[in-house]
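Student: My questions all concern the structure below.
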Amino acid sequence: MIWNPEKECMSREQLHELQSERLVKIVRHTYDNVPMYRERMNAAGLTPDDIKSIEDISKLPFTTKKDLRDYYPDSLFAVPRSEIVRFHASSGTTGKPIVAGYTAHDVENWSEGTARCLTAYGAGRGDTIQVSYGYGLFTGGLGAHDGATRIGAAVLPTSAGNTSKQLMLMQDLGCTGLCCTPSYALFLAEELEKEGLRDKIQLKFGAFGAEPWTENMRKELESKLGIKAYDIYGLTEISGPGVGGECQCQDGTHLWEDMFYPEIIDPATGEPLPEGKEGELVFTTLDKWGMPMIRYRTRDLTHLNYSQCACGRTMVRMGRILGRSDDMLIVRGVNVFPSQVESILLEIPEFQGQYFITIDRVNNVDTFDIDVELREEFYTDEIAQLHRLRDRLVGRIVSVIGIKPNIHIVEPGSITRSMGKAKHVEDKRKFK
Ligand code: ADP
Ligand code: ZN
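Written out as structure tokens, the structure reads:
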């Protein structure tokens with residue numbers, strides 16, 4: 036099923052026209068109402084009249100996360116405060132959070148995006164969707180909630196945490212959909228297994244996002260929960276979850292390009308990259324009025340595929356997000372993304388997807404330690420067997436990533452489980 040075929044399946048020519056029309060309007064709106072955008076355009080020698088079609092977008096200056104911090108809390112808002120009906124804020128690891136303000140129209144468009152995703156997963160009236168993303172300032176909970184309401188499904192707003200109650204309600208109410216981070220889904224799956232409830236639940240699909248996850252994690256979650264697991268992508272600055280989502284083909288995340296215009300740039304030079312090349316994802320919001328974003332640099336690394344999808348949607352597909360550029364670790368000169376470790380672990384049947392990386396520097400050399408767990412059924416205290424498994428994992432990591440880690444096989448269940456976005460890394464070098 037397709038929620039909005041008129042938009043999701045519109046011809047690329049019509050889409051181009053719509054994007055151009057919308058870009059012209061939103062650039063004018065930001066120029067007239069947001070001093071930062073006006074000053075930056077003036078400095079670049081641009082006026083709104085220079086922006087005539089979507090091709091002109093590359094003339095416009097970028098907006099960064101730092102800008103959102105510098106203009107905290109609301110200096111990038113483009114409407115009077117009386118037009119704002121909702122605020123959200125994203126965590127921000129240090130200092131001030133990033134605040135987003137939405138008009139009624141913006142909230143409606145956001146839920147339109149999430150409704151498209153949920154419909155693509157096969158959800159609709161008659162489904163009961165458990166929203167285990169956190170409710171509150173984080174966009175996950177309310178974002179999924181509004182989308183589920185919009186498609187006429189019943190929402191079970193459990194938020195994150197209180198896992199045994201979640202599982203009881205999931206079972207007793209016959210929930211058919213689950214929205215949460217892939218880390219929390221993995222934890223829920225483990226607990227279901229432990230309590231022998233796997234056959235008592237009726238889940239059909241999961242909408243997983245808010246953090247990077249891999250194809251191997253998809254397989255793991257699908258087999259453990261007996262569901263189809265779909266990607267949902269979004270970020271607070273652009274609206275929240277539902278900027279894009281996968282379809283039944285599970286071959287890329289469709290981005291709702293009529294509302295959010297994506298580009299891929301070289302993170303070092305800012306130059307646009309050709310289709311298919313991996314780089315930094317940049318968004319311009321084409322129909323968001325409270326806090327419009329012009330060429331916002333997400334720091335998320337991925338690529339785009341404009342070929343037509345078998346589902347009938349014409350909207351571009353984004354590849355899996357490798358991670359944010361700031362998640363990339365440089366260990367002994369080699370680039371390492373935590374998601375690579377997840378993928379390798381899940382290729383070896385004896386290991387499970389939980390891991391924790393610790394990086395340090397001893398005598399001027401980087402250390403690279405990874406705590407991992409065996410699946411319960413493979414756990415053993417036979418040293419020779421543990422060493423064999425450890426060496427196999429080390430071998431795979433050396434061949435894929437290129438450096439040798441110290442692997443610590445810890446007892447099943449001992450790595451801290453996450454209810455939201457998982458923390459997989461501690462880099463102690465930062466504090467030295
Ligand atoms: P914070 O910056 O505090 O994490 P957000 O909740 O707005 O706040 O996080 C958005 C970010 O989460 C995205 O920029 C991206 O890095 C990550 N993310 C969201 N959805 C996905 C997804 N489906 N796959 C990978 N990463 C995702
Ligand atoms: Zn598709």
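Each residue of the sequence shown is one higher than the one before, counting from 36 in the numbering used here. From the three backbone atoms N, C-alpha and C, an ideal C-beta is built for every residue, glycine too.
1) My parser needs the beta strand (DSSP E) runs of 3 or more residues fully inside the segment 173-212; what are they?
2) When you compare only the Cα positions, how much space is there between ILE92 and GLY437?
3) Should GLY130 go down as buried or exposed, given a rule of 16 or more other Cβ atoms within 10 Å for buried?
4) Is it the case that the CB of ARG330 approaches a heavy atom of ligand 2 more closely than 7 Å?
5) Tell me whether ARG359 counts as near ligand 1, meaning its Cβ is closer than 7 Å to at least one heavy atom of that ligand.
6) Between the beta-carbon of TRP291 and the beta-carbon of HIS140, is there less than 8 Å?
7) Would you call the segment 302-317 and the segment 246-256 touching, i.e. three or more CB-CB distances under 8 Å?
8) What residues are listed by DSSP as bridge partners for PRO276?
9) So what's THR337 in DSSP terms, helix, strand or just coil?
10) Taking 8 Å as the cut-off, does the segment 220-235 touch the segment 143-150 (at least 3 CB pairs, one atom from each stretch)?
11) What is the DSSP secondary structure of HIS459, counted as helix, strand or coil?
12) Whole angstroms is fine: what's the gap from CYS282's alpha carbon to TYR170's?
13) Looking at THR65: is its Cβ nearer than 8 Å to the Cβ of ALA124?
14) Whole-angstrom Cβ separation of THR198 and LEU223, contact assumed at under 8 Å?
15) Looking at the strands, I want to know which residues DSSP matches up with VAL134.
16) Is CYS282 a contact residue of ligand 2, with contact defined as CB to any heavy atom under 7 Å?
17) Rounding to the nearest angstrom, what Cα-Cα distance links PRO83 and GLN54 in this structure?
18) Could you tell me whether the segment 374-384 touches the segment 242-249, where touching means 3 or more Cβ pairs closer than 8 Å?
19) Could you tell me whether the Cβ atoms of GLN201 and ILE236 are closer together than 8 Å?
20) Under three-state DSSP, which class holds VAL470?
21) Does the contact criterion of 3 or more C-beta pairs under 8 Å hold for the segment 443-462 versus the segment 404-415?
22) From GLY388 to GLY269, what distance separates their C-alpha atoms?
23) Closest to GLY161 by CA distance: which of GLY358, VAL120, GLU48, GLY212 is it?
24) If I measure Cβ to Cβ from GLY455 and keep anything under 7 Å in the same chain, skipping five residues before and after, which residues do I get?
25) What is the DSSP secondary structure of THR154, reduced to helix, strand or coil?
26) Rounded to whole angstroms, what is the Cα-Cα separation between MET353 and ARG73?
27) Between LEU409 and GLU385, how many whole angstroms is the CB-CB distance? I'm expecting something under 8 Å.
Tutor: According to the structure data:
1) Runs found: 189-191.
2) 39 Å
3) So GLY130 counts as exposed.
4) no
5) yes
6) no
7) Contact between the segment 302-317 and the segment 246-256 is not established, with fewer than three Cβ pairs separated by less than 8 Å.
8) BP columns for PRO276 point to GLY269.
9) THR337: strand per DSSP, three-state reduction.
10) no
11) coil
12) 25 Å
13) 8 Å or more divides the Cβ of THR65 from the Cβ of ALA124.
14) 7 Å
15) ALA124
16) Indeed, a heavy atom of ligand 2 lies less than 7 Å from the Cβ.
17) 15 Å
18) The segment 374-384 is in contact with the segment 242-249.
19) Contact flag unset, no.
20) Only positions 36 to 467 of the chain appear in this structure, which leaves residue 470 out of reach.
21) yes
22) 23 Å
23) Each of GLY358, VAL120, GLU48, GLY212 was checked against the Cα of GLY161, and the nearest Cα belongs to GLY212.
24) GLY169, ALA195, THR216, TYR219
25) helix
26) About 31 Å.
27) 5 Å
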